[in-house]
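Chains as they are written, first to last, in the numbering used here: chain A, 709 to 861; chain B, 7 to 763. Just so it is clear, CB atoms sit at the ideal spot from N, CA and C, and this is done for glycine as well.
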Amino acid sequence: MRLTVDGQPFDIDADPDMPLLWALRDLVGKTGPKFGCGIAACGACTVHVDGQPVRSCSLPVGQVSGAVTTIEGIGTADRLHPVQQAWLEEQVAQCGYCQAGQIMSAVALLDEVDDPSDADIDNAMGGNLCRCGTYPKIRAAIRKAAALKTARL
Amino acid sequence: MASVGKIARRTFLIGAAAVAGGVAVGYYSYRKPFPNPLETDLGKGEATFNPYVKIGADNTITIVAPRAEMGQGISTTLAVLVAEELDVGLEQVKVEHGPASYAYYNAAILEEGGPFAFFDESMTAQAVRSGLGVVGKFLALQVTGGSASARDGFDKMRQAGAAARHLLIAAAAQKLGVAATDLETANGSIVHKASGKSLTYGAVAAAAAATAPPAEVRLRDRADWKLLGKPQKRIDMLAKITGAPIFGIDVRLPDMLYGTVKMSPRFWARPVKADLAKAEKMPGVVKIVPLETNYGHGFGIIAQNTWAAFKAADAIDVQWADPEYPLSSAAISEVLKQALGTKGSVMRNNGDVDTAFADAPRERVIEADYAVPYLAHATMEPMNATARFSDGALDIWCGNQAPTLVRQLCANAVGIGHDKVTVHTTFMGGGFGRRVEMDYALFAALMAKETGGRPVKVTWTREEDMRHDAYRPAAVGKFQARLGDDGMPVAVDMRIASPSMIASTLRRLFPSISPIGPDKSIVDGAYDQPYTIPDYRVSGVAAPVSIPAGAWRSVGSSINGFFHEGFMDEIAAAGKVDPIEMRKKLMAAYPPAVKVVEKVAAMAKWGEALPAGKAKGMAFTLSFGSWVGEIVQVADTPAGIRVEKVWIAADVGTALDPGIIEAQLISGAIYGLSAAMGQQITFADGMVEQSNFHDFDAMRIFQCPVFEVAILENFHKMGGVGEVGTPPAAPALANAIFALTGKRIRTLPLSTTVAFA
Numbered sequence: 709m710r711l712t713v714d715g716q717p718f719d720i721d722a723d724p725d726m727p728l729l730w731a732l733r734d735l736v737g738k739t740g741p742k743f744g745c746g747i748a749a750c751g752a753c754t755v756h757v758d759g760q761p762v763r764s765c766s767l768p769v770g771q772v773s774g775a776v777t778t779i780e781g782i783g784t785a786d787r788l789h790p791v792q793q794a795w796l797e798e799q800v801a802q803c804g805y806c807q808a809g810q811i812m813s814a815v816a817l818l819d820e821v822d823d824p825s826d827a828d829i830d831n832a833m834g835g836n837l838c839r840c841g842t843y844p845k846i847r848a849a850i851r852k853a854a855a856l857k858t859a860r861l
Numbered sequence: 007m008a009s010v011g012k013i014a015r016r017t018f019l020i021g022a023a024a025v026a027g028g029v030a031v032g033y034y035s036y037r038k039p040f041p042n043p044l045e046t047d048l049g050k051g052e053a054t055f056n057p058y059v060k061i062g063a064d065n066t067i068t069i070v071a072p073r074a075e076m077g078q079g080i081s082t083t084l085a086v087l088v089a090e091e092l093d094v095g096l097e098q099v100k101v102e103h104g105p106a107s108y109a110y111y112n113a114a115i116l117e118e119g120g121p122f123a124f125f126d127e128s129m130t131a132q133a134v135r136s137g138l139g140v141v142g143k144f145l146a147l148q149v150t151g152g153s154a155s156a157r158d159g160f161d162k163m164r165q166a167g168a169a170a171r172h173l174l175i176a177a178a179a180q181k182l183g184v185a186a187t188d189l190e191t192a193n194g195s196i197v198h199k200a201s202g203k204s205l206t207y208g209a210v211a212a213a214a215a216a217t218a219p220p221a222e223v224r225l226r227d228r229a230d231w232k233l234l235g236k237p238q239k240r241i242d243m244l245a246k247i248t249g250a251p252i253f254g255i256d257v258r259l260p261d262m263l264y265g266t267v268k269m270s271p272r273f274w275a276r277p278v279k280a281d282l283a284k285a286e287k288m289p290g291v292v293k294i295v296p297l298e299t300n301y302g303h304g305f306g307i308i309a310q311n312t313w314a315a316f317k318a319a320d321a322i323d324v325q326w327a328d329p330e331y332p333l334s335s336a337a338i339s340e341v342l343k344q345a346l347g348t349k350g351s352v353m354r355n356n357g358d359v360d361t362a363f364a365d366a367p368r369e370r371v372i373e374a375d376y377a378v379p380y381l382a383h384a385t386m387e388p389m390n391a392t393a394r395f396s397d398g399a400l401d402i403w404c405g406n407q408a409p410t411l412v413r414q415l416c417a418n419a420v421g422i423g424h425d426k427v428t429v430h431t432t433f434m435g436g437g438f439g440r441r442v443e444m445d446y447a448l449f450a451a452l453m454a455k456e457t458g459g460r461p462v463k464v465t466w467t468r469e470e471d472m473r474h475d476a477y478r479p480a481a482v483g484k485f486q487a488r489l490g491d492d493g494m495p496v497a498v499d500m501r502i503a504s505p506s507m508i509a510s511t512l513r514r515l516f517p518s519i520s521p522i523g524p525d526k527s528i529v530d531g532a533y534d535q536p537y538t539i540p541d542y543r544v545s546g547v548a549a550p551v552s553i554p555a556g557a558w559r560s561v562g563s564s565i566n567g568f569f570h571e572g573f574m575d576e577i578a579a580a581g582k583v584d585p586i587e588m589r590k591k592l593m594a595a596y597p598p599a600v601k602v603v604e605k606v607a608a609m610a611k612w613g614e615a616l617p618a619g620k621a622k623g624m625a626f627t628l629s630f631g632s633w634v635g636e637i638v639q640v641a642d643t644p645a646g647i648r649v650e651k652v653w654i655a656a657d658v659g660t661a662l663d664p665g666i667i668e669a670q671l672i673s674g675a676i677y678g679l680s681a682a683m684g685q686q687i688t689f690a691d692g693m694v695e696q697s698n699f700h701d702f703d704a705m706r707i708f709q710c711p712v713f714e715v716a717i718l719e720n721f722h723k724m725g726g727v728g729e730v731g732t733p734p735a736a737p738a739l740a741n742a743i744f745a746l747t748g749k750r751i752r753t754l755p756l757s758t759t760v761a762f763a
């Protein structure tokens with residue numbers, strides 16, 4: 709089975725029922741997406757398939773035909789995505805475990821809506837759980853990211 | 007094959023590999039120090055000055071921050087303690103967790119272990135504190151907990167930085183042939199202003215480290231702090247926003263196998279009958295092994311990938327033995343209530359409570375029964391560990407709050423000496439007390455014995471994690487107050503019953519030790535509050551329920567903050583006294599407490615009229631040395647009660663990093679609000695009923711209130727910050743709901759009584 713992840717092709721030998729998350733983590737070697745719940749209830753595993761945010765823990769890899777983008781594919785330490793840049797400036801992360809998923813949801817939100825309202829943020833981010841309670845900073849960082857994106861255009 | 011050390015160094019920012027650690031300096035040096043663990047694994051050209059500082063010839067400066075980074079920012083703050091005195095910027099240093107070593111014992115965590123309130127500065131209390139600090143060294147526990155890391159590191163890590171700087175200057179003076187007093191330091195270099203000559207730290211590190219540390223070093227005055235006291239950029243932020251492989255669950259080693267566990271859902275119970283055949287035949291399954299530990303019994307599943315292991319675990323058909331504890335939550339509650347009726351340990355006893363109530367007019371007495379449920383930690387990163395057992399040596403990678411315990415218990419479990427175990431402590435996807443437990447490490451170590459030397463990464467499912475915790479114990483409380491003519495309380499009697507967290511922890515970690523004496527954690531947050539009431543008694547009873555109980559963010563104060571402050575609000579309502587005014591009067595002997603209450607009231611504009619359908623509630627808890635007041639504002643909405651706004655004022659004595667402290671106070675409050683609003687662990691048929699975030703959820707972004715925080719520094723002793731935001735959150739919310747609805751809720755979670763938006 710062939711998967712395209714962060715722009716690169718990977719040939720993997722996986723049970724088609726295996727969730728995309730475990731194919732990424734154990735077979736492809738992309739550990740950015742995190743295992744949190746296995747039932748699409750926490751959002752830690754969020755990746756994009758053809759630009760759409762999906763919970764990779766509950767999506768069988770056999771059903772994935774599009775290009776997969778993980779946190780490792782949206783930016784690097786040297787070239788941060790505007791959302792990552794905003795996360796850095798707002799010092800969002802505490803334990804950091806949920807943040808890859810949070811950032812992937814925020815990137816997808818800002819791809820859809822340039823200047824999201826509080827309700828837009830609530831809707832897009834409600835599926836991403838954070839046990840450290842970084843929500844106030846996440847909200848501030850999304851606003852900052854929206855401004856950064858506009859500035860970069 | 008790359009060496010494990012290399013892989014680990016590549017993979018983790020901190021904590022990897024058998025890097026190193028060592029000698030206490032400054033006033034600790036009069037005691038026999040532990041050896042510097044950094045000395046045994048220095049890189050080429052690297053020199054170490056003490057367990058906290060390594061400097062390479064290339065001027066790479068490494069600071070060891072030997073506490074668990076579970077989100078609280080401690081790796082940053084501890085690094086700053088050293089950097090401040092070493093006179094280097096945070097961006098100039100590498101920060102590592104370092105190895106498991108007794109050199110990194112936590113003295114502060116035990117200092118407050120005696121039966122004295124934080125504000126008790128009597129000679130007895132102080133003597134016990136200093137005695138317990140010595141015990142801390144004797145036990146040499148490298149533990150992260152008790153909101154004690156910054157307090158523990160404050161002197162010794164600054165001294166480590168100062169001592170290293172002193173030696174570097176002396177070595178530079180010798181090399182340049184000038185007086186040490188004519189030298190200054192800046193950006194990792196030593197500068198001779200008069201001649202313009204300079205040397206990097208790295209250029210003199212080897213020579214400097216070879217000389218004896220000074221007997222005493224002078225620390226910078228607070229007015230001269232460059233880094234401390236100011237918000238710093240966290241050293242772990244970049245890794246955490248780029249998906250870097252920094253967590254235990256991200257460990258990848260050559261030839262690695264994967265695994266999971268299926269442990270008895272009835273604690274301590276053994277399998278009566280098990281059919282492994284179906285699971286063993288499933289694709290990708292390598293081996294299924296029995297696990298027998300002090301944490302319980304069950305099976306370890308070793309497979310080619312995690313998913314195969316999960317599926318096989320599901321397919322194991324087991325019948326488990328009956329539990330030794332009551333089967334249902336109702337039956338457990340009954341045991342707690344019965345315990346409440348028995349004689350407990352009195353931990354506070356002012357005046358003569360029995361007499362005060364004996365002649366009290368009935369209309370002057372109020373009574374209330376409180377209850378809180380068991381709670382899971384539910385860290386975002388499920389429990390996991392990676393272990394490799396080859397050539398008689400064990401390497402173990404995991405996020406953990408107690409590396410020397412991991413070393414000790416894993417060594418015993420696989421039957422080797424402690425010196426054959428290397429613990430690689432990774433970043434933690436949440437801890438909250440859960441990762442002070444050892445189960446995940448023990449299971450991985452035992453499974454690694456079965457793989458012929460191949461490493462195995464053992465990841466628990468969320469369901470396994472939720473159902474095998476060391477839970478915040480359930481508790482019940484009976485509260486009585488007698489009001490005076492002015493509505494103020496003149497007598498209070500508080501009784502709390504809860505399973506003993508200490509006894510439970512000993513059973514898991516040190517089953518040969520019997521607990522002695524009362525468990526202070528049962529009454530923490532109730533007996534040690536800065537209120538003066540003439541007749542004031544607080545007693546605790548350990549209830550005999552053997553469901554694993556452990557440290558959950560703020561421990562006993564998470565229970566008693568709710569009980570004590572809920573009841574104080576009841577007293578104020580019954581006496582028709584404003585809750586803020588009542589506290590100011592009762593706390594008059596403790597000015598820092600009064601200032602906190604005044605501050606939080608001013609921030610929230612307490613007393614000003616609110617629109618209909620909105621109300622505020624307040625609570626105060628002194629815990630882990632910090633004085634914290636919180637006010638919660640709620641609103642009645644068509645969808646239910648909405649938590650709109652939270653104000654927090656906290657006196658932490660000395661604020662080392664206001665940015666991190668503010669984040670921790672908010673984090674602690676959200677953790678407490680999450681539990682208060684909707685969390686409970688219940689039991690049926692001896693098993694935990696909840697399994698995942700659908701039935702044990704936490705606050706979501708759309709429920710999150712707006713926060714406003716003030717950090718005060720009035721008290722002369724430093725307090726902790728990691729846990730102190732949690733205790734007042736639940737009572738402030740419940741008190742706000744009372745103000746809004748007139749409904750007094752004495753049982754958590756609140757969602758069993760009211761609906762939240």
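Run down chain A in chain order and give the residues with a C-beta less than 9 Å from the C-beta of Y677(B). Against the second sequence, residue 677(B) aligns to sequence position 671. The contacting residues are R839, C840 and G841.
Which of helix, strand or coil does DSSP assign to K622(B)? The residue you call residue 622(B) lines up with position 616 of the second sequence. Of the three classes helix, strand and coil, the one that applies to K622(B) here is strand, per DSSP.
Which residue marks the beginning of the beta strand (DSSP E) containing S107(B), and which one marks its end? Locating residue 107(B) in the second sequence gives position 101, counting from the first residue. From DSSP, S107(B) is part of no beta strand (DSSP E); its letter is neither H nor E.
Can you check whether the C-beta of D701(B) is within less than 7 Å of a C-beta belonging to chain A? Counting from 1 along the second sequence, the entry for residue 701(B) is found at position 695. Chain A, which has no Cβ nearer than 7 Å to the Cβ of D701(B), makes this no.
Near-chain B residues of the stretch 765-783 of chain A - C-beta to any C-beta below 8 Å: T778, I779, E780 and G783
Can you pull the chain A residues whose beta carbon is under 9 Å from the beta carbon of P4(B), in chain order? Examination of residue 4(B) is not possible in this model, given that chain B is present from 7 through 763 alone.
Assign H424(B) to buried or exposed, taking buried as 16 or more other Cβ atoms, counted over all protein chains shown, within 10 Å of its Cβ. Translated into positions along the second sequence, residue 424(B) becomes position 418. Flag for H424(B) reads exposed.
Is the shortest distance between the beta-carbon of L259(B) and the beta-carbons of chain A less than 7 Å? Your numbering for residue 259(B) matches position 253 in the second sequence. Not closer than 7 Å to any Cβ of chain A, the Cβ of L259(B) fails to qualify, so no.
Rounded C-alpha distance that separates V352(B) from V583(B): Within the second sequence, residue 352(B) is the residue found at index 346, counting from 1. Within the second sequence, residue 583(B) is the residue found at index 577, counting from 1. Near 29 Å, if we compare the C-alpha coordinates of V583(B) and V352(B).
When the Cα atoms are used, what is the spatial distance from F124(B) to R135(B)? Here residue 124(B) corresponds to residue number 118 of the second sequence, with the count starting at 1. Here residue 135(B) corresponds to residue number 129 of the second sequence, with the count starting at 1. F124(B) and R135(B): Cα-Cα distance of roughly 10 Å.
Which residues share a DSSP beta bridge with M500(B)? Working through the second sequence from its first residue, we reach residue 500(B) at position 494. Paired residue(s): F485(B) and V544(B).
Do you know offhand how far F516(B)'s Cα is from M724(B)'s? Mapped onto the second sequence, residue 516(B) falls at position 510. Mapped onto the second sequence, residue 724(B) falls at position 718. Their backbone Cα atoms lie some 31 Å apart in a straight line.
Within the same chain, show all residues whose beta-carbon is closer than 6 Å to that of M588(B), passing over the 5 residues directly before and after it, in chain order. The residue you call residue 588(B) lines up with position 582 of the second sequence. Correct list, in chain order: A578.
Can you tell me where the beta strand (DSSP E) holding R763(A) begins and where it ends? Counted from its first residue, the first sequence places residue 763(A) at position 55. Its beta strand (DSSP E) spans residues Q760 to R763.
With DSSP as the reference, label L728(A) as helix, strand or coil. To locate residue 728(A), count along the first sequence from 1; it is residue 20. L728(A): helix per DSSP, three-state reduction.
Who does Q639(B) pair with in a DSSP beta bridge? Sequence index remark: in the second sequence, residue 639(B) carries index 633 (1-based). In DSSP, Q639(B) forms a bridge with K622(B) and K651(B).
Residue nearest to D725(A) in terms of C-alpha spacing, selected from G841(A), P768(A), L837(A) and A849(A): As a first step, residue 725(A) is located in the first sequence; it is residue number 17 there, counting from the start. It is P768(A) whose Cα lies nearest to the Cα of D725(A).
Whole alpha helix (DSSP H) runs in the stretch 127-204 of chain B with 4 or more residues, listed along the chain? 129-145 and 155-182
Between Q294(B) and the rest of its own chain, which residues show a CB-CB distance below 8 Å, the 5 nearest in sequence each way excluded? Numbered from 1 along the second sequence, position 288 holds the residue referred to as residue 294(B). The displayed chain sequence assigns Ile, not Gln, to residue 294(B). So the list reads L282, A285, E286, F305, G306, I307, I308, A318 and I322, once near-sequence residues are dropped.
Between I115(B) and the rest of its own chain, which residues show a CB-CB distance below 8 Å, the 5 nearest in sequence each way excluded? Here residue 115(B) refers to the residue found at position 109 of the second sequence. So the qualifying residues of the chain are G142, L147, V149, G151, G152, A154 and D158.
Suppose you measure from the CA of W832(B) to the CA of G751(A); what does that come to, to the nearest Å? This structure cannot settle anything about residue 832(B), because the visible part of chain B is limited to 7 through 763.
If the criterion is Cβ atoms closer than 7 Å, does the pair L817(A) and M243(B) meet it? In the first sequence, counting from the first residue as 1, residue 817(A) sits at position 109. In the second sequence, counting from the first residue as 1, residue 243(B) sits at position 237. No, Cβ-Cβ distance for L817(A) and M243(B) is not below 7 Å.
Proximity winner among R226(B), G167(B), D401(B) and E469(B), relative to V99(B) (alpha-carbon distances): Against the second sequence, residue 99(B) aligns to sequence position 93. Among R226(B), G167(B), D401(B) and E469(B), the Cα nearest to that of V99(B) is on G167(B).
Report the neighbours of G759(A) on chain B: residues whose CB is nearer than 9 Å to its CB, in chain order. If you number the first sequence from 1, residue 759(A) lands on position 51. Near G759(A) there are no residues of chain B at all, since even the closest Cβ is about 18 Å away, more than 9 Å.
By the DSSP assignment, the beta strand (DSSP E) with Q716(A) in it spans what residues? Within the first sequence, numbered from 1, the residue matching residue 716(A) stands at position 8. From DSSP, the beta strand (DSSP E) with Q716(A) extends over Q716 to D719.
Excluding the 5 residues preceding and the 5 following P585(B) in the sequence, name in chain order all residues of the same chain whose CB lies nearer than 6 Å to its CB. Indexing the second sequence from 1 puts residue 585(B) at position 579. So the qualifying residues of the chain are D575, A578 and M624.
For R501(B) and S545(B), believed in contact at Cβ under 8 Å, the rounded distance: In the second sequence, the residue the question calls residue 545(B) occupies position 539. In the second sequence, the residue the question calls residue 501(B) occupies position 495. Right, the Cβ-Cβ distance comes to about 5 Å (below 8 Å), so this counts as a contact.
Please give the ranges of any alpha helix (DSSP H) in the stretch 244-329 of chain B, keeping only runs that are unbroken, at least 4 residues long and fully inside the region. 283-286 and 312-321
With a threshold of 16 other CB atoms inside 10 Å of the CB of D758(A), please say whether the residue is buried or exposed. Locating residue 758(A) in the first sequence gives position 50, counting from the first residue. Flag for D758(A) reads exposed.
Bridge partners for F762(B) per DSSP, in chain order? Walking along the second sequence from the start, residue 762(B) turns up at place 756. Answer is I647(B), bridged to F762(B).
Give me whichever residues DSSP pairs with Y843(A) in a beta bridge. Mapped onto the first sequence, residue 843(A) falls at position 135. Looking at the DSSP assignment, Y843(A) forms no beta bridge with any residue, so it has no partner.
In chain A, which residues lie with their C-beta within 9 Å of the C-beta of D256(B)? Taking the second sequence and counting its residues from 1, the one referred to as residue 256(B) is at position 250. By Cβ distance, chain A contributes R733, T739, G740 and K742.
Which stretch, first to last residue, makes up the beta strand (DSSP E) that contains L116(B)? As a working mapping, residue 116(B) is identified with position 110 in the second sequence. Not the beta strand (DSSP E): L116(B) falls in the alpha helix (DSSP H), residues A114 to E117.
Between K749(B) and D401(B), what straight-line distance do the alpha-carbon atoms span, to the nearest angstrom? For this step, residue 749(B) is matched to residue 743 along the second sequence. For this step, residue 401(B) is matched to residue 395 along the second sequence. About 55 Å.
One or two residues paired with D401(B) in a DSSP bridge: Taking the second sequence and counting its residues from 1, the one referred to as residue 401(B) is at position 395. Paired residue(s): R394(B) and T428(B).
Strictly under 7 Å for the Cβ-Cβ distance: is E387(B) near chain A by that measure? By 1-based counting over the second sequence, the position of residue 387(B) is 381. Yes, its Cβ sits closer than 7 Å to a Cβ of chain A.
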